[in-house]
Every structure is written in C-alpha cells, then in structure tokens.
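Following: one structure in structure tokens, then a few remarks.
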Amino acid sequence: MGMMRILDETGDTTITWAVDDPATIAEAEALFARLVQERKIPFARAAGAPADAAEKISAFDPNVEEIVWVRPIAGG
Amino acid sequence: MAERLLEGNLLPNSLSNMAADVVAIEELPDGRRLVVFSDRREIVVGVARPRAHPVPGVDWLWARPPSSPRARPRHTTAPGSRRPIRTLADERDSIVSRTRSARRVTRAAEQRADELLCSLLDPLQRADWDVNAAFWVETPRGPVRLGHLYSLIHRPHDRLDQELILCVVPHAHHELPIADIWSNLLLVLAVEPEEFFRVAIQRGSRRRAPDSPGR
Chain L
575 MGMMRILDET GDTTITWAVD DPATIAEAEA LFARLVQERK IPFARAAGAP
625 ADAAEKISAF DPNVEEIVWV RPIAGG
Chain P
752 MAERLLEGNL LPNSLSNMAA DVVAIEELPD GRRLVVFSDR REIVVGVARP
802 RAHPVPGVDW LWARPPSSPR ARPRHTTAPG SRRPIRTLAD ERDSIVSRTR
852 SARRVTRAAE QRADELLCSL LDPLQRADWD VNAAFWVETP RGPVRLGHLY
902 SLIHRPHDRL DQELILCVVP HAHHELPIAD IWSNLLLVLA VEPEEFFRVA
952 IQRGSRRRAP DSPGR
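These protein sequence lines are chains L and P, in that order.
Under the numbering used here, the first residue of the first sequence carries the number 575, and numbering increases by one thereafter.
Under the numbering used here, the first residue of the second sequence carries the number 752, and numbering increases by one thereafter.
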C-alpha cells in the first residue's frame, strides 16, 4: 500500500493505492501528473523516514511507500 | 517543615513576619519552595536551579554564565547618545492567529500537520522542536534554524562570527498550518538546499552570540 500526502489547510490530504490494484495505481498516477502541473513538488520516502532520507522524484513509482507533496517556495 | 524553614531563616524576613499564617511549604522541582498561607495566598520563594538540556552535549540557546555576585560599576552614557529601542511590529508575525481565524485552520489540522512534521525530524531535531518549537537543519552552506516564520537563522560556514536572517515561505503559506510550513521548508532544505538558498531573501544579519551552539 502506497500513500500520497498533499499538504493543505487540513494538514494534509491522503491518497492511497495498492500495488496489486491497477485501478488505484492509475488514479494515483493521474493525480501525480495533475499535481506536477500545479508545480507542487513530490518527495518520496520510506514510511516514517526523516527528511534527509527523502528523495525528490519526477515520475510516479507505485513501489514508493510514501510521497509527500510540498509547495514551491519563494523569498518572503 | 514550616517551622524548620523558619528556624533556619530560609524564608525571607517579610514572610517570617507572616509565619502564623503558613499552612504548607512544598518543594518545587526547580529547587524553589511554594509557601501556602491559611488565607489561600501562595508565594514562591528561592532561586530556580538551572535545568540541564535533555539532549546530551546541547546547551540552551539562552544559557549564560552565572552572573557575578559582586556589584558592578554602572556605565552611564551621555543623554544625547542614548537611542530608544523601537519595536516595529511586522503584521506578518501574527500568522498563526490569523491563519486560525481567517483561514479556519482547525486544531485537528494543526495536530495532523504536527504529526507529519515530527515524523520528518531526526531525534535531535525532534528534541529541539519539543522544547523550543524550532530546530536546525544541516546544509552544505551551514545550518538553518526553522521555527520563526520570516526570520530563519542561517549560520554560514564561511562566516563564523555572523548569522543571517532569511525569509523563505511556501506558496500560499497562509493556507497551511504552521507545522506544514516547516515540513515544506524542511524537505526542500534537506533534499534541495540550493533551491532554498536560490530563492531566500536576506532580511538582515547579526553577530553570533559567543556561546552559541556549534550547529
């Protein structure tokens, strides 16, 4: 079971998929593409791993345990 | 116990005069004593012992050497050279309360964001966050402290006596619970530090405290 966490006003919205369920994978992949278009940035990590063990990814991988989506940053 | 303290002159004179009213004296964890009077008044007496930082090898940021018990001469300055301290309110510093009221970030959202942030912190950062609501992130350019919005402290490796005040925020950050803002900045800093420094705006710089932590 993989999970995406998209930071938002609720804390984060969670989307899950099962590696043995092509339908959920297709949904997650479509969402991944949409969020990339929205300029959000995906970081993959093993569940519970600290930030310095995370990795920026550019394509959806259903075998990743968790993807945390953050927003682009700017100087304030 | 009240009698023992009074006999040993452990209470200030002003309290000794009220000795008849003392009904209980409790030892506080920091070494001071709580004195309870019969009319329900409570007074804390004594000097608090400094607490050790829970993380081995780390000191409190505000830790100072104990002050000298001797009187020190007062340094006076000519009236003309005094400059009043001005505090300029930055309305952006009220983000937390503004976020809660205007954007309706709920307590549940704050809690959820806090859980995600804690899962992204290493044990040292987590201990720092629990105590100070801030934490350091190591980068190739030197550590950055996340915890004060719009005023992120950066200690460049090549300027050992100086620290820079940077401002970096996620897009539409007013929508996010504060812990999500830190998770956002933490991931970028930890994985793509150059992107962080590319967009960072420097708001100022200052000398580092001589006893500042090494991170």
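The C-beta atom is built at its ideal place from N, Cα and C for all residues, glycine as well.
Computed from a predicted model, the values in this text were never measured in an experiment.
Return the residue from the list the options that minimises the CA-CA distance to residue i.
i: Arg-896 (chain P); options: P:Leu-936, P:His-924, P:Asp-931; result: P:Leu-936
i: Asp-594 (chain L); options: L:Thr-588, L:Gly-622, L:Glu-640, L:Gly-576; result: L:Gly-576
i: Gly-898 (chain P); options: P:Phe-948, P:Pro-928, P:Trp-880, P:Ala-960; result: P:Trp-880
i: Leu-871 (chain P); options: L:Gly-649, L:Gly-650, L:Val-644; result: L:Val-644
i: Pro-636 (chain L); options: L:Gly-650, L:Ala-623, L:Ala-618; result: L:Ala-618
i: Glu-866 (chain P); options: L:Thr-598, L:Arg-608, L:Gly-585; result: L:Gly-585
i: Pro-907 (chain P); options: P:Tyr-901, P:Ile-916, P:Leu-900; result: P:Ile-916
i: Gly-622 (chain L); options: P:Pro-874, P:Thr-890, P:Glu-793; result: P:Pro-874
i: Ala-900 (chain P); options: P:Ala-885, P:Val-787, P:Pro-891; result: First, the amino acid is wrong: residue 900 (chain P) is Leu here, not Ala. Looking at the Cα atoms, P:Ala-885 is the closest of the given residues.
i: Val-638 (chain L); options: L:Pro-616, L:Ala-597, L:Glu-612; result: L:Pro-616
i: Asp-732 (chain P); options: P:Ala-775, P:His-924, P:Pro-780; result: Residue 732 (chain P) lies beyond the range of chain P shown here (752 to 966); nothing can be said about it.
i: Ala-633 (chain L); options: L:Phe-606, L:Pro-596, L:Lys-614; result: L:Phe-606
i: Thr-598 (chain L); options: L:Ile-631, L:Lys-614, L:Ala-620, L:Met-578; result: L:Met-578
i: Val-642 (chain L); options: P:Leu-868, P:Val-856, P:Asp-781; result: P:Leu-868
i: Ala-930 (chain P); options: P:Asp-781, P:Gln-862, P:Thr-857, P:Arg-800; result: P:Gln-862
i: Ser-926 (chain P); options: P:Arg-910, P:Pro-894, P:Ala-864, P:Val-856; result: Per the sequence shown, residue 926 (chain P) should be read as Glu rather than Ser. If we check each option's Cα against that of Glu-926 (chain P), P:Val-856 comes out closest.
Below 8 Å on the Cβ atoms is my guess for residue i versus residue j; work out the distance and round it to an integer in Å.
i: Cys-918 (chain P); j: Leu-903 (chain P); result: 7 Å
i: Val-1005 (chain P); j: Arg-783 (chain P); result: Because chain P in this structure spans residues 752 to 966, residue 1005 (chain P) falls outside the shown range and cannot be described.
i: Ala-860 (chain P); j: Glu-583 (chain L); result: 6 Å
i: Asp-912 (chain P); j: Arg-958 (chain P); result: 6 Å
i: Phe-947 (chain P); j: Ile-647 (chain L); result: 7 Å
i: Pro-928 (chain P); j: Pro-891 (chain P); result: So it is not a contact: roughly 29 Å between Cβ atoms.
i: Val-882 (chain P); j: Ala-941 (chain P); result: The pair is not a contact, with the Cβ atoms about 21 Å apart (cut-off 8 Å).
i: Glu-793 (chain P); j: Val-787 (chain P); result: 5 Å
i: His-905 (chain P); j: Glu-914 (chain P); result: 7 Å
i: Val-950 (chain P); j: Gly-649 (chain L); result: 5 Å
With DSSP as the reference, label residue i as helix, strand or coil.
i: Val-593 (chain L); result: coil
i: Leu-581 (chain L); result: strand
i: Thr-598 (chain L); result: helix
i: Leu-779 (chain P); result: coil
i: Val-642 (chain L); result: strand
i: Val-773 (chain P); result: strand
i: Val-610 (chain L); result: helix
i: Ala-604 (chain L); result: helix
i: Asp-626 (chain L); result: helix
i: Ser-632 (chain L); result: coil
i: Ala-860 (chain P); result: helix
i: Gly-797 (chain P); result: coil
i: Arg-849 (chain P); result: Since pLDDT at Arg-849 (chain P) reaches only 41, below the 50 mark, its modelled position is unreliable, and the value read off the structure follows with that caveat. Residue state, collapsed to three classes: helix.
i: Arg-959 (chain P); result: coil
i: Val-650 (chain L); result: Per the sequence shown, residue 650 (chain L) should be read as Gly rather than Val. Reduced to three states, the DSSP call for Gly-650 (chain L) is coil.
i: Asp-586 (chain L); result: strand
i: Ala-618 (chain L); result: strand
i: Arg-954 (chain P); result: strand
i: Arg-784 (chain P); result: strand
Output, in chain order, the set of chain C residues within a Cβ distance shorter than 9 Å of residue i.
i: Leu-875 (chain P); result: The chain labelled as chain C is not found among the protein chains of the depicted structure, namely L and P.
Task: Inside the region 863-892 of chain P only - alpha helix (DSSP H) runs reaching at least 4 residues - done: 874-883
- [ ] Check whether the region 911-931 of chain P touches the region 618-633 of chain L, counting contact only when three or more Cβ pairs, one atom from each stretch, lie closer than 8 Å.
- [x] no
Open item on the list: Runs of 4 residues minimum, wholly inside the region 885-950 of chain P: which ones carry the alpha helix (DSSP H) assignment?
Closed with: 929-942, 944-950
- [ ] Would you check if there are 3 or more beta carbon pairs closer than 8 Å linking the region 927-936 of chain P to the region 949-958 of chain P?
- [x] no
Open item on the list: Across the region 600-609 of chain L and the region 584-592 of chain L, are there enough close Cβ pairs to call them in contact, namely three or more that are closer than 8 Å?
Closed with: yes
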